[in-house]
Structures are given as C-alpha cells and as structure tokens.
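First the structure, in the form of structure tokens, and then the observations on it.
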Amino acid sequence: MPSRYVPGLETKLFPPHHEEITTEEWDVVVVGAGPGGLMAAATLARLDSANGVNVLVVDARDEPTVAGRADGVQPRTLEVFRNMPPIGDEMIARGSHSYERTFWAPSKTGEGIVCTRRVQSCPSFLDTEEPYTLGVQQGLIEKAFLRDMDRHDLRVTRPYRFEEFVYDPKAKSHPITVTLINDNTQAKKHIRTEYLLGTDGGRSAVRQCMSHKHGITFDGDWVDTLWGAIDAVVETDFPDIRKIAAIQSKNHGSVMTFPREHNENGNLVVRLYTQIDKAMGRKVLAKDVTVEDIMEADRKIFAPYKLKFTEIEWWTAYPIGQRLASSYDVDNRIFIAGDACHTHSPKAGQGMNTSMIDAQNLAWKLHLVLSGLAKPEILSTYHTERHTIGKQLVDFDSEYSALFSGQAPKHTNASQTVMSEQERDEYFVSVQRKNANFTTGLGVYYAENVFNAIDTKSLGYRLESPILMPGRRLEPGTVTRYLNSEPCKIIHEVKYDAPGGFRIYVLTGSPDLQAKALQDFANHLSSTASFLSRFHGTTPASLSGLPLVCPGGKITNPYFAIMTIVPRSRFDFSLADLRPLAPLNTFVYADDHQSGGRHISDQDGEVSVGGLHIKWGLPSGGIVICRPDGYVGCVAPLDHTGWNGLEQYFDRFLRSSPSARL
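Just so we're aligned, residue 1 is where the sequence shown starts under the UniProt record's numbering, counting upward by one.
See below:
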C-alpha cells in the first residue's frame, strides 16, 4: 500500500511545550521525550490523568525530532497503536506500508546485482491483522504521541537536561531527588519523585548515574563496520525502491532500502542504510564522512541501476554498538527503557519498537501501583520480562548485521565462515525467517511470573495444552458485537485507555450444556468473595477504554471488563437469555464471524459459529484473563476450579483495598 500525504500532519507543527517546572513533587519523572519516553508518558496520561497522577516529562532538546532517526514500526507495535486511537490512525494513514522484502546479490558474472529472493514482510504463519512494516519518520510518531498527551493535559517541558539523582530508600515518600539543568538559563532545578524513568537514549545520563551509584553496567562491543543512513527523494530505475530491499554488491558493500511516507513537498521519501567503509575502500571515522560519500557509495552498490538524489532531508554516519544494561532498574524505583538499556544496528527495524514496548510494559504496571490496585512488588517484572527481550535483540542483531555486512557472525562454526555467496544469501534469508516471531513482535513471550500463570497447578487446576499460552500476546479474532450487530476485532474492543484494567473473556461453550456452570460463575462474580468485590483501586473518573454496555448490563468494577462470547449466531439468542447471568451480560458477543467453526444456515445465509472458541483452543468454553498490555495472563476452565483459580491468580499481585501510593 503506498503512503498517502495527509495535510495537517506536517512534522514541524508540534503541540506547544512547557518551559518552566513549577511543582517540586511528582509521582513519575520521565527523562527523554523520544518514542520510548512519550509512550510511557502517553500511557500514564491515558490511564491515570483522571486520577490526578502527576507526571513530568523533560527533554534536553529545544524541539521534538524534525528529521531522521528511527522510522520502522512492526506489526505488534501497530496492534498496540490501533488500541490507542487516534495515535495509530494518524501514523498508519501517513506511513508507507511494506508487505514484501526482496534480496539482491551480485550477478553470476560479478557485474551488477540481481534479485535472488522475495518474501513477505510478515510471514503467513504469523497471525496478525497488520501484516506489514510501517515506514514513518520518527518526528511524526513523536507528534502523534504529543498530540495525544495534549488531549490528556500533559506536555513535555524543555529544554531540561538531567544531571543526577539521589535515592533515599528510607524516605517515606518521594525518595528520589532529581537535579535538572535548564539549558537556556543554566539554572538548576531540584525535584522529588516517587519513580524515575530514563528514556534518554544510548548515551543515557540516567543509566550513567545508575552505573556510578548502583553498579549497573553496560556490556557489549562495538562492531568494526561504519554505516550511513540517508533520507532522500530519488529518481531511479531500481524496481524495488518502494519495497524493503537488502542489496549486497560484490565489491562495494551493502544497502538496505526502506520506503517511507510523502514529505511535506508531497514527494515519496526512501531511507537508505549504507555500508560506507567498504564502498570507500578504506577505514574511515564517522566524523569524516560526508553526505557525498554516502550518495557515492549508494550509486556504486545500486549499479547498473541509476540513482539520482533530488532531495536530501537528513543523513548520518555511525558505527554499530551492540550493548545491554545489566539491570533495567534500581530497587523498583529508578528505571531505564529503550536505547538507554540496549543499543544495536537500526537495519532490522527493532530499536524504536523495543523501546516503546519497554515503556508500555513499565507504564501500565506503574499505573496499577499508583492507582492503589496492585502491590509495588509487581514492578520487578519489568526487568525480568524486558531484559530477556533486550538480550534476544542484541543477540539477533549481532548475527543479522554481520550477515548483512557480508561477514560471518560471531560464534559461528567453521562451515559458516566459508560459505559461498549463494549459501550466505540463503542463510541470511533463513535468519530473518527464523526470527520473524521476534522481529515482528508477534511471537515475543514472557516467562512465568505473578502475571503469567503458565503452570496452573498452583492455582488448583490443570489445562491440557491450551493454544492460548500465558505470557504470549492474545491471538486476534473476529466476533459480532451483540449491541449493534457489528463485526469487530476482539483484541481492539477494550482500548488502551482509562481505567487501564484487565480483560476477562468468558467463552461460554454451548450455553445449553454449560447453563449450570455459567449460572454458578455469575453467582460467584456477584458475591463478596469475588475479585470484582475485593479489588477496586481508586475510582476512575473516565471509562473511555471500555466498550458500550449492553442494555440491562452494568459495569460492576471498571478495572475488570468481562466480555461474554457465545458460540451462536447473533440471530439465535437474545440479551434476555443472559439477564439472569449478571455480570456476564455487560459486554456480549456472538462467536459467529471467525472462520473455522461449525457452519449453520439461517435466514440471512451461511454463518460459522464457534470459530473463536476453536481458534483459542477452548471449544467447550473457558475463561481467558488478558493483561492491560494485551498479553494472556491466565487461562482457566469454566467450572469452580477455574474461578477459584482466578481468585488465587489476582491475589498474587492485587491489593484487597485501595492503598496510599507507594
């Protein structure tokens, strides 16, 4: 799908920012207003602003990113954005959609390049509603976040540079003192906060302070290859310029093309990642590289195809560092996310995505703690979940970037170091395909912890090989919203918005066969022993993230959205059938739209019922708890062992009554 130029979304028209800090005590201070910091801030603003949570976002720059930097958004991140309207709508409308990747290698004669392989950007074995990579300049992403924050009364304060923090673990409140410097006046500002998050990039000052005061290390290596990146409008006869193309020449190095949006002149932009030193025939320092060097290298690698640069929007030269912080937090109070935690090459399109999902992972957990709903100990799961992903990212990038540069990855065996060009090309493609679950974000999974009940024996029941695995993202599916008979994507029914709680999907199985189990479960949910009665948090002022309530239904506890899915045609049951089952009659859906179910015929033609039940591996019914970030937390049977297990599940990390903020 080509990108579209959308008037009114010009990069430089950012919302205004604050210039002064007028409050000395904060709940959360975010240092760095790139995509990671803005994801954290936007999340807290969306989920918490109604409750009066005080968030300060500072950035050392005078203005947001107006050119260059990161530009690739992967399918899982797009799913997250779809749940944050209108952020996703703005970016997806503006960006370039890449459904295919091509691979180019030297011709057999050694003269020029030929296409050797074409593959899908998102392999068909991955289940997603966004099967493409989105190319959109980082400034547009920042703008979408900033506009969203502005709607929720939160703005970035500029230009304030982080100097240091002092942490007092014995303090009863606001144990972190942060020193900031106004880069315009050089005046120092001392503030106190409950939590500090550093999203200030690969040279993170917050991480360096954590290192100096708390022993955090930043481990890894620099790679002996110099790369350039250029955003340009080009005239070319290269056929794959509007696809993601990996090009390896015989003597001049490699280029990756990444198609992007229309610029403000209405012209299509392309990002070129270029191996510079090989094309120049010598080792060179980044500071000595010119834009002419990068363009000349590109022309050599593209030959015999013509390449003319008509507009240059931005360029840079950089070495590759693959490094990982030893810890993402200090005492569950001071955190780092994104490039402050992990650095790597940009060619696989992972850095910005990982940064934003890092930030999202932490922000919703902070929200639960600050709302008084969850125990502060849950914050330790941020490091345990995301540090593992950071390690996988650095390991993948080490192999991927070496192969793309025409080198053998570290720790490869002798046979791999002497591969022919064809073998290396095939191996390069296989590495991409093997890691597609990870690089798309769709197959990223988390291990057992308080949120992820993978081993359910401790909860008093056992499920045999469910397709939905705790610690993995919820598989998408289509159902019919009973309220208005509209087909809808079940993963997007509850938005990433206030109150920011849990989704509970009740797949009824056959209502006739499960009538007693459903009535017993409804009775339990209505009792004082239920999690609906025991866990409340502070009362949210907004319920904008919840679907519309069915007539006769009632939201018992806004932190738990109970969504009942019935495997019947929407014409074959009514809300009156569910009225005795309150609160299972609040959000109701017919499982008659997802393929794979039992085909039936009615007056409106062929329909398939029970498809989502089958897809999720629960044909006879069951209960699925989904975390606020869209990951499965727990899967339970639709019987007394299941709902007793749910109570034990929530007991692991929720508070039985609202508590003072910690």
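In this text, a Cβ means the ideal position worked out from N, Cα and C, and glycines have one as well. Keep in mind the model is a prediction, meaning the values are calculated, not measured.
Distance CB(residue i)-CB(residue j) smaller than 8 angstroms
i	j	result
residue 178	residue 29	yes
residue 233	residue 310	yes
residue 663	residue 646	Coverage of the chain is limited to positions 1 through 662, which leaves residue 663 absent and any answer about it impossible.
residue 44	residue 58	no
residue 387	residue 328	yes
residue 62	residue 159	yes
residue 338	residue 326	no
residue 565	residue 479	yes
residue 550	residue 502	no
residue 597	residue 303	no
residue 482	residue 589	yes
residue 446	residue 452	yes
residue 256	residue 273	yes
residue 267	residue 74	no
residue 320	residue 225	yes
Cβ-based burial, residue i [other Cβ within 10 Å; buried from 16]
i	result
residue 99	exposed
residue 414	In this predicted model, residue 414 has a pLDDT of only 48, less than 50, meaning its place in the structure is not dependable; the value taken from the coordinates is given anyway. Its Cβ having fewer than 16 others within 10 Å, residue 414 is exposed.
residue 76	buried
residue 187	exposed
residue 654	buried
residue 101	buried
residue 643	buried
residue 576	exposed
residue 615	buried
residue 574	exposed
residue 519	exposed
residue 107	exposed
residue 52	exposed
residue 664	Any property of residue 664 remains undetermined from this structure, which presents the chain solely from 1 to 662.
residue 562	buried
residue 83	buried
residue 282	exposed
residue 182	buried
residue 364	buried
residue 22	exposed
Extent of the continuous beta strand (DSSP E) run through residue i
i	result
residue 322	307 to 325
residue 587	587 to 590
residue 624	622 to 626
residue 96	96 to 98
residue 336	334 to 336
residue 489	486 to 489
residue 134	133 to 135
residue 163	160 to 167
residue 194	188 to 198
residue 452	Unbroken run through residue 452: none, as it is neither H nor E.
residue 437	Element bounds for residue 437: not the beta strand (DSSP E) but the alpha helix (DSSP H), 436 to 439.
residue 176	176 to 182
The alpha helix (DSSP H) enclosing residue i, as first and last residue numbers
i	result
residue 641	640 to 651
residue 354	351 to 370
residue 612	611 to 615
residue 36	35 to 48
residue 139	138 to 151
residue 388	380 to 404
residue 301	291 to 302
residue 213	205 to 214
residue 27	Residue 27 -> not in any alpha helix (DSSP H); beta strand (DSSP E) instead, spanning 25 to 31.
residue 578	575 to 578
residue 78	75 to 82
residue 65	Note, residue 65: premise wrong, no alpha helix (DSSP H); not H, not E.
Identity of the residues DSSP links to residue i by a beta bridge
i	result
residue 120	100
residue 56	29
residue 481	486 and 589
residue 445	472
residue 631	473
residue 218	325
residue 106	113
Minimum Cβ-Cβ distance from residue i to chain B less than 8 angstroms
i	result
residue 238	Protein chain content of the structure displayed is limited to a single chain, and chain B is not contained in it.
Any non-hydrogen atom of the ligand GDP closer than 7 angstroms to residue i Cβ
i	result
residue 272	This structure lacks the ligand GDP; in fact it carries no ligand of any kind.
ask   = In chain order, which continuous runs of the beta strand (DSSP E) of length 3 or greater are located wholly inside the region 496 to 569?
value = 502 to 507 and 560 to 566
Every unbroken alpha helix (DSSP H) within the region 227 to 283, with a cutoff of 4 residues, ordered by chain = 276 to 280
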